[in-house]
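> I'd like to ask some things about the structure below.
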Amino acid sequence: MIEIQGVRKNYDKRQALDSVNLDIPRGSCFGLVGPNGAGKSTLMKILVGVVEDYEGDVLVQGAPFKQNVTAIKRRIGYVPQDICLEETLTARDNLLFFGRLYGLKGSKLQERIQQVLALIGLADREKSLVRTFSGGMKRRLNIGCALLHDPDIIVLDEPTVGVDPQSRWAIFELIHDLKRQDKTILYSSHYMEEVEQLCDTIGFIDQGNVVEYGTMQEVLAKHRHAAIYLEGPSVTREGLNGYEGVTARDKGFVIESAEPLRLLERIAKQFADEGIIPERLELSQAKLEDIFFKLTGTHLRDTRQEGVQ
Ligand code: ADP
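Counted from 1, the sequence shown has number 75 at position 75 by full-length UniProt numbering; the numbering is strictly sequential.
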């Protein structure tokens with residue numbers, strides 16, 4: 001559906017993207033994963049035509065973006081990271097405004113507004129002022145504004161940052177609905193659990209480079225190895241110096257191993273000798289974020305400091 005060929009972008013002297021090549025299949029939910037500053041937003045802005053000054057090519061169903069900007073933009077719904085709504089208007093009036101921007105009017109516009117309100121789970125709040133909405137409800141409405149013209153490509157830039165659990169769930173449901181409608185979705189996030197749950201293809205991006213991409217199954221099959229997870233106040237990095245492949249995860253550490261049971265035995269013996277009783281010591285598997293760390297040496301999670309509204 002979308003082919004990205006040798007796309008490079010500099011902002012003045014700062015390189016944001018360094019020759020990115022990716023194929024995004026039709027009807028897939030593609031997870032673009034990387035830490036803050038990796039280049040995700042820049043790539044998305046290029047794909048939706050917001051950033052036009054770049055090297056390389058983007059093709060949509062074989063048509064070069066640069067030569068078909070207006071026609072291709074009509075097929076895309078873009079949800080930027082920053083919420084763009086008029087707080088003093090109702091949800092419905094915001095949708096009316098965006099619908100008109102997309103050239104919709106009359107009964108077609110009214111019909112789409114009703115459909116979108118149902119899709120984003122805000123049908124019962126259509127007459128409420130946006131300023132009375134929670135952060136998550138605003139984000140859902142912001143997504144709705146990008147869906148009014150019924151695009152077949154939907155680009156969502158970190159759509160769940162700072163949202164409450166109920167809205168996060170509603171956004172997941174919405175994405176599942178869009179997948180069922182055979183839409184092509186590009187979803188950027190640094191929340192791995194979300195990507196693993198929602199996306200069927202995935203691209204890891206770090207410092208402007210795609211370091212791995214493929215279907216979720218391919219990437220997991222290639223990199224997912226058995227591992228041990230251990231956690232507890234007396235379990236420290238230094239205490240694990242004698243082991244290869246130790247990475248931090250959540251409140252503890254993960255160690256990959258081809259022989260996890262033997263590793264478990266060895267660690268249990270070491271802890272018993274040292275009088276350490278861990279809170280958790282269990283078999284595990286490398287998760288997406290462990291795989292990302294192994295490929296790049298960069299943690300995705302250290303940016304997860306946003307509060308939930
Ligand atoms: P991400 O979305 O993964 O956080 P971005 O695409 O926003 O990454 O940023 C990639 C790099 O480009 C970062 O180093 C960022 O500081 C830089 N950058 C992004 N937008 C601009 C801009 N408008 N002007 C200058 N530098 C920018």
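Positions of the beta carbon are idealized from the N, C-alpha and C atoms, including for glycine.
1) Report the partner residues of Ser284 according to the DSSP bridge assignment.
2) Between the C-alpha atoms of Leu119 and Val51, what's the straight-line distance to the nearest angstrom?
3) Which term fits His176, buried or exposed, when burial requires 16 or more other beta carbons within 10 angstroms of its beta carbon?
4) To the nearest angstrom, how far is the alpha carbon of Ile24 from that of Met216?
5) Considering only heavy atoms of the ligand ADP, does any lie closer than 7 Å to the CB of Ser19?
6) CB of Gly275 to nearest heavy atom of the ligand ADP: below 7 Å?
7) So that I know if they touch, is there some Cβ in chain C lying closer than 8 Å to that of Arg131?
8) Can you find a heavy atom of the ligand ADP that lies under 7 Å from the Cβ of Pro38?
9) Would you call the region 147-166 in contact with the region 249-263, where contact means no fewer than 3 C-beta pairs closer than 8 Å?
10) Spatial neighbours of Asp18 within its chain, please: CB distance less than 7 Å, with the 5 preceding and 5 following residues excluded, ordered by chain position.
11) Run through the DSSP bridge pairs and tell me what Ser128 is partnered with.
12) Alpha helix (DSSP H) containing Lys9: first to last residue?
13) Measure how close the beta-carbons of Leu32 and Gly203 come, nearest whole angstrom, since I'm counting them as under 8 Å.
14) Please report the straight-line C-alpha distance between Asn21 and Val211, rounded to a whole angstrom.
15) Taking Gln197 as the reference, which of Gln110, Asp182, Arg140 and Phe172 has the closest Cα?
16) Using the Cα positions of Glu218 and Gly62, report the straight-line distance between them to the nearest angstrom.
17) What residues in its chain sit with their C-beta under 7 Å from that of Cys84, if we drop five residues either side in the sequence?
18) May I have the straight-line CA-CA distance separating Gly27 from Tyr243, to the nearest angstrom?
19) Kindly indicate which three-state DSSP category Ser257 falls into: helix, strand or coil?
20) Using 7 Å as the cut-off, classify the Cβ of Gly34 as near or not near the heavy atoms of the ligand ADP, replying yes or no.
21) Kindly indicate the opening and closing residues of the alpha helix (DSSP H) around Gly56.
22) Any idea what DSSP makes of Gln181, helix, strand or coil?
23) Under the criterion of a Cβ to heavy atom distance below 7 Å, does Ala272 qualify as lining the ligand GDP?
24) Here's the rule I'm using: 16 or more other beta-carbon atoms within 10 Å means buried, otherwise exposed. How should Glu274 be labelled?
25) Taking 8 Å as the cut-off, does the region 62-73 touch the region 96-115 (at least 3 CB pairs, one atom from each stretch)?
26) So, at 8 Å on beta carbons, what are the nonlocal neighbours of Ala227 in its own chain, with the 5 sequence-adjacent residues on each side left out?
27) Could you give the distance in angstroms between the alpha-carbon of Leu109 and the alpha-carbon of Arg100?
28) What does DSSP give as the partner residue(s) for Thr79 in the beta ladder?
29) Would you report the Cα separation of Leu122 and Asp182, rounded to the nearest angstrom?
30) Once you ignore the five residues that flank Asp152 on each side, which residues in its own chain have a CB closer than 7 Å to its CB?
On the basis of the supplied data:
1) The partner list for Ser284 (beta bridge, DSSP) reads Ala227.
2) Whole-angstrom Cα-Cα distance: 29 Å.
3) So His176 ends up on the exposed side.
4) In this structure, the alpha-carbon of Ile24 lies about 13 Å from that of Met216.
5) Because no heavy atom of the ligand ADP lies under 7 Å away, the Cβ of Ser19 does not count as near it: no.
6) In this structure, the ligand ADP has no non-hydrogen atom nearer than 7 Å to the beta-carbon of Gly275.
7) The chain inventory of the structure shown lacks chain C, comprising one protein chain alone.
8) Residue 38 is actually Ala in this sequence, not Pro. For Ala38, the CB falls within less than 7 Å of some heavy atom of the ligand ADP.
9) The region 147-166 and the region 249-263 do not touch, with fewer than 3 CB-CB distances between them shorter than 8 Å.
10) The residues are Arg8, Gly208 and Asn209.
11) According to DSSP, which records beta bridges pairwise, Ser128 is partnered with nothing at all.
12) Annotation for Lys9: no alpha helix (DSSP H) segment contains it, though the beta strand (DSSP E) segment containing it runs Ile2 to Tyr11.
13) Rounded, the Cβ-Cβ distance is 5 Å, consistent with contact.
14) Approximately 10 Å, taken between the alpha carbons.
15) Nearest option by C-alpha distance: Phe172.
16) Annotation: Glu218 to Gly62 spans about 25 Å, alpha carbon to alpha carbon.
17) Shown here for Cys84: same chain residues with a beta carbon closer than 7 Å to its own, the five before and five after excluded, namely Asn142 in chain order.
18) Cα to Cα, Gly27 sits roughly 43 Å from Tyr243.
19) In this structure, Ser257 counts as coil in the three-state DSSP scheme.
20) Checking the Cβ of Gly34 against the ligand ADP gives yes.
21) From DSSP, Gly56 is part of no alpha helix (DSSP H) but of the beta strand (DSSP E) over Glu55 to Val60.
22) Of the three classes helix, strand and coil, the one that applies to Gln181 here is coil, per DSSP.
23) Ligands displayed in this structure: the ligand ADP; the ligand GDP is not among them.
24) Counting of Cβ neighbours within 10 angstroms places Glu274 among the exposed residues, the total staying below 16.
25) Output reads no: the region 62-73 does not touch the region 96-115.
26) Only residues of its own chain outside the window of five on either side were considered, and among them Val254, Ile255, Glu256, Ser257, Pro260, Leu283, Ser284, Gln285, Ala286 and Asp290 have a CB closer than 8 Å to the CB of Ala227, listed in chain order.
27) Straight-line Cα distance between these residues: approximately 8 Å.
28) Before going further, note that residue 79 is Val rather than Thr in the sequence given. According to DSSP, Val79 shares a beta bridge with Leu156.
29) Between the alpha carbons of Leu122 and Asp182 lies a distance of about 23 Å.
30) Taken in chain order, the residues that qualify are Arg75, Lys183 and Thr184.
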